[in-house]
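Heads up, the thing below is written out as structure tokens.
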Amino acid sequence: MTRTKPSVWGAQSWAVYKRLLGYTRRYWAIGLLAIVGMAVDAGGLALFTGLLQPMIDKLFMHKDAFLIFWMPIWIIGIFFVRSLGTFVSTYGMAYIGRHVVQAMQQDVFAAYLRLPAAYFGIEPSGQQISRVTYTSEQVASASTDAVKIAITDGCTVIAMFGVMLYFSPYLTLALLVLVPAIALIATVVSRRYRQISRRIQGSMGSVAGTVEESVGAHREIRIFGGQEHEAQRFDQVVRRTRRLNLKIAATNAAASSTVQFSAALALAALVFLGTRPQVLQHMSPGVFFAVLTAMGAMLPSLKRLANVQANIQRGLSAAEDLFEVVDLPPEVDAGKQELARAHGDLRFEGVRLVYPRHGVEALRGVDLHCAPGTVTALVGRSGSGKTSLVSLLPRFVTPNAGRIVLDGQDYKNYTLPSLRRQIAWVGQDVMLFDDTVANNIAYGELAGATELEIIEAAEAANALDFIQALPQGIHTQVGESGNTLSGGQRQRIAIARAILKNAPILILDEATSALDTESERLIQQALQRLMHARTTLVIAHRLSTIEGADQIAVMDRGHIIERGTHAELLALDGQYASLYRLQFNDRPAALGAA
Ligand SMILES: Nc1ncnc2c1ncn2[C@@H]1O[C@H](COP(=O)(O)OP(=O)(O)O)[C@@H](O)[C@H]1O
Ligand SMILES: [Mg+2]
Numbered sequence: 012m013t014r015t016k017p018s019v020w021g022a023q024s025w026a027v028y029k030r031l032l033g034y035t036r037r038y039w040a041i042g043l044l045a046i047v048g049m050a051v052d053a054g055g056l057a058l059f060t061g062l063l064q065p066m067i068d069k070l071f072m073h074k075d076a077f078l079i080f081w082m083p084i085w086i087i088g089i090f091f092v093r094s095l096g097t098f099v100s101t102y103g104m105a106y107i108g109r110h111v112v113q114a115m116q117q118d119v120f121a122a123y124l125r126l127p128a129a130y131f132g133i134e135p136s137g138q139q140i141s142r143v144t145y146t147s148e149q150v151a152s153a154s155t156d157a158v159k160i161a162i163t164d165g166c167t168v169i170a171m172f173g174v175m176l177y178f179s180p181y182l183t184l185a186l187l188v189l190v191p192a193i194a195l196i197a198t199v200v201s202r203r204y205r206q207i208s209r210r211i212q213g214s215m216g217s218v219a220g221t222v223e224e225s226v227g228a229h230r231e232i233r234i235f236g237g238q239e240h241e242a243q244r245f246d247q248v249v250r251r252t253r254r255l256n257l258k259i260a261a262t263n264a265a266a267s268s269t270v271q272f273s274a275a276l277a278l279a280a281l282v283f284l285g286t287r288p289q290v291l292q293h294m295s296p297g298v299f300f301a302v303l304t305a306m307g308a309m310l311p312s313l314k315r316l317a318n319v320q321a322n323i324q325r326g327l328s329a330a331e332d333l334f335e336v337v338d339l340p341p342e343v344d345a346g347k348q349e350l351a352r353a354h355g356d357l358r359f360e361g362v363r364l365v366y367p368r369h370g371v372e373a374l375r376g377v378d379l380h381c382a383p384g385t386v387t388a389l390v391g392r393s394g395s396g397k398t399s400l401v402s403l404l405p406r407f408v409t410p411n412a413g414r415i416v417l418d419g420q421d422y423k424n425y426t427l428p429s430l431r432r433q434i435a436w437v438g439q440d441v442m443l444f445d446d447t448v449a450n451n452i453a454y455g456e457l458a459g460a461t462e463l464e465i466i467e468a469a470e471a472a473n474a475l476d477f478i479q480a481l482p483q484g485i486h487t488q489v490g491e492s493g494n495t496l497s498g499g500q501r502q503r504i505a506i507a508r509a510i511l512k513n514a515p516i517l518i519l520d521e522a523t524s525a526l527d528t529e530s531e532r533l534i535q536q537a538l539q540r541l542m543h544a545r546t547t548l549v550i551a552h553r554l555s556t557i558e559g560a561d562q563i564a565v566m567d568r569g570h571i572i573e574r575g576t577h578a579e580l581l582a583l584d585g586q587y588a589s590l591y592r593l594q595f596n597d598r599p600a601a602l603g604a605a
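Okay, so the sequence shown: first residue is 12 according to the working numbering, each after it adds one.
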């Protein structure tokens, strides 16, 4: 989603955080176990550091026999328990993290299935894809890292602080040197993270988007020599991403080195405090080294804690991006009435349509009546609003004014699923799924169809010949978007799908425009069978294919300017007649060229 103004972080990030936590609620037991593991991890280290004092004072100075025997065993014991803690916490967090990713991916995908068709025109598809693949991963990795750091390193710092206090509250004073540095990082650095991390999300989207576009248009790029242009565009996108990521890295590095440097100051202060003449007299070397080591062990934890903001911000802004999509309102369906099977009496009354995108008024008052079982052809220049008119029927878009009346009722009264069940659609580009031919024909709600029904539909669609020639017949796997089939073959599968659906309303939007004469003849036959006894709206460029239509409506700039049968419109001698003459005169030339 494009965001124009930065959100008010405080309150909002807390809400996002709580919601994110909601995803983990089911795994509270594992979370608890992981937290115990982290505490054991930190505690083990503190215990070991505490052992340094007796090790130095009793083991080396006094050669204590008891300790000489037990110390190595204790060390092994401590680190054994500690590694158990590390395993439990690491695996536990990963377990929760992966489950959160899965849940988020499912939620976003569910949103994609539920959102209105218009949504998919608003946002680049690369961004939509990277939301599921990249952003959801970010949420998990960033937030599990953040939790792990906050707890393990938080515990370590506290435990080490305890060790220091236990041995010498006086030497612990040296830590005061660290306070200003940490305060500085907490304010300055975290503010910077907020600024950068949201911008990163968007730029990852455009990396994926640019790649997707270039992969999809690989033929165009090669033919039109667009390599240079695409390379430049991609270059800009990845440069931006790199710059943003480096800004994060610089902030991280600055935070780390600030902590490190002030830690050196604290260590120096510790040495200074420990070597005052009056202190030096009654401080044992063991105490001094234990405190020194405790402070040293605090250091890496403090460094990570200074950067934990980065993880939190990264995770939260990624989560926010996902939640925004999950929260988008679904398709509006105010319809209450279930439509069993429509007669197919279709009436457009003063229908207007304005696309919000550019404020284009695509339909400017269309009146049209399609009687049940008749064929209405829509012709007209491209951009005259033909596709927009038929897109209204499955309510991909809704009219801004006017009504569409189906079987005497405003079609908004029908529930969306029951309305869509009345409509079969064969469009210009046929999308096939990465599945068998049979499953592509019997798709979605048609999935219960028997093999015989599928074969009959394929036969009626003139598709059986080529399907039988495929290696495994109707059980042949067709590639993603049907890459292994030709345009005409895909179109016939789409027709078979429409035949199988056996819906009372049929929409053909330039279903034959991209075909050669042979497949067009086959498809034309198939379409004739399909149109039989259905209310059909057919959009065609080649007027020869619609001469037999019950009525022809000529559209121009969002209006219907002429309407009648082929003969009536020829007699009218208007735009249809001149279009027809144009194509008729062209035909010998076109045939000659073919
Ligand atoms: N999704 C859309 N968003 C904005 N404008 C659109 C959209 N689809 C079509 N249009 C505009 O609406 C007008 C009619 O388009 P369309 O119905 O596709 O025409 P036709 O199918 O007759 O070629 C055109 O001016 C087109 O630019
Ligand atoms: Mg169109």
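The C-beta atom is built at its ideal place from N, Cα and C for all residues, glycine as well.
Neighbourhood of residue i by C-beta, 7 angstroms cutoff - its chain only, sequence neighbours within 5 removed
i: Lys314; result: Ser267, Val270 and Gln271
i: Glu241; result: Ser225 and Ile232
i: Cys381; result: Leu357, Thr387, Thr546 and Leu548
i: Ser24; result: Leu327
i: Val158; result: Met104
i: Ala601; result: With a pLDDT of 42 at Ala601, under the threshold of 50, the predicted position of this residue should be treated as unreliable, though the coordinate-derived value follows. The answer is none, since no qualifying residue turns up.
i: Val92; result: Val51 and Gly55
i: Ala26; result: none
i: Ile478; result: Val448, Ala469, Gly484 and Ile485
Distance CB(residue i)-CB(residue j) smaller than 7 angstroms
i: Thr155; j: Gly108; result: yes
i: Val437; j: Ala522; result: yes
i: Ala373; j: Ser399; result: yes
i: Val200; j: Ala277; result: no
i: Gly285; j: Gln64; result: no
i: Arg125; j: Pro341; result: yes
i: Ala468; j: Ala507; result: yes
i: Gly391; j: Met566; result: yes
i: Leu389; j: Phe359; result: no
i: Arg205; j: Gln324; result: yes
i: Ala471; j: Ile510; result: yes
i: Phe588; j: Leu517; result: The residue asked about is misnamed: residue 588 is Ala in this sequence, not Phe. Not a contact, by the Cβ cut-off of 7 angstroms.
i: Val401; j: Val377; result: no
i: Ala353; j: Asp418; result: yes
i: Ala170; j: Ala53; result: yes
i: Glu223; j: Gly132; result: no
i: Leu533; j: Asn450; result: no
i: Val489; j: Leu538; result: no
6 angstroms CB neighbourhood of residue i in its chain, flanking five on each side removed
i: Pro17; result: Low per-residue confidence applies at Pro17: pLDDT is 42, beneath 50, and the placement is therefore not dependable enough to give any value.
i: Glu531; result: Thr523
i: Ser217; result: Val248
i: Lys258; result: Ile207
i: Thr13; result: Since pLDDT at Thr13 reaches only 40, below the 50 mark, its modelled position is unreliable, and the value read off the structure follows with that caveat. Contacts found: none.
i: Leu62; result: none
i: Ile572; result: Val565
i: Leu316; result: Asp164
i: Leu519; result: Val437 and Val549
i: Ala151; result: Gly108, Val111 and Val112
Identified DSSP bridge partners for residue i
i: Ile6; result: The structure shown has nothing for residue 6, since the chain only spans 12 to 605.
i: Asp520; result: Ile550
i: Tyr425; result: Gln348
i: His364; result: Reading off the sequence shown, one finds Leu at residue 364, where the question assumed His. BP columns for Leu364 point to Leu374.
i: Phe595; result: Its beta-bridge partners do not exist; DSSP assigns none.
i: Cys381; result: Leu357
i: Gly574; result: Looking at the sequence shown, residue 574 is not Gly but Arg. Beta-bridge pairing links Arg574 to Ala564.
i: Thr286; result: Answer by DSSP bridge pairing: none, since Thr286 is not bridged.
i: Leu434; result: Strictly speaking, residue 434 in this sequence is Ile, with Leu absent from that position. Ile434 pairs with Ile516.
i: Ala412; result: Arg363
i: Asp446; result: Val489
i: Val390; result: Val565
i: Gln420; result: Leu417
Sequence-distant residues of its chain with Cβ nearer than 8 angstroms to residue i (five each side left out)
i: Gln594; result: Arg553, Leu554 and Ser555
i: Asp640; result: There is simply no residue 640 to check, as the chain begins at 12 and stops at 605 in what is shown.
i: Arg142; result: Val119, Gly216, Asp332, Leu333 and Val336
Near ligand 2, which residues have their beta-carbon closer than 7 angstroms to a heavy atom? Counting every residue whose Cβ lies closer than 7 angstroms to a heavy atom of ligand 2, we get Ser393, Lys397, Thr398, Asp520, Glu521 and Ile550.
Check whether the region 345 to 355 and the region 418 to 428 are in contact - that is, three or more C-beta pairs closer than 8 angstroms. Short answer: they touch.
At a cut of 8 angstroms, does the region 102 to 119 reach the region 331 to 341 through at least three beta carbon pairs? Taking one beta carbon from each stretch, the region 102 to 119 and the region 331 to 341 have 3 or more pairs nearer than 8 angstroms; the two touch.
Quick check: the region 288 to 307 against the region 171 to 181, are at least 3 beta-carbon pairs closer than 8 angstroms? Three or more Cβ pairs drawn from the region 171 to 181 and the region 288 to 307 lie within less than 8 angstroms of each other, which places the two stretches in contact.
Does the region 440 to 459 come close enough to the region 405 to 423 that 3 or more CB-CB pairs lie under 8 angstroms? A contact between stretches requires three or more CB pairs, one per stretch, nearer than 8 angstroms, and the region 405 to 423 fails this requirement with the region 440 to 459.
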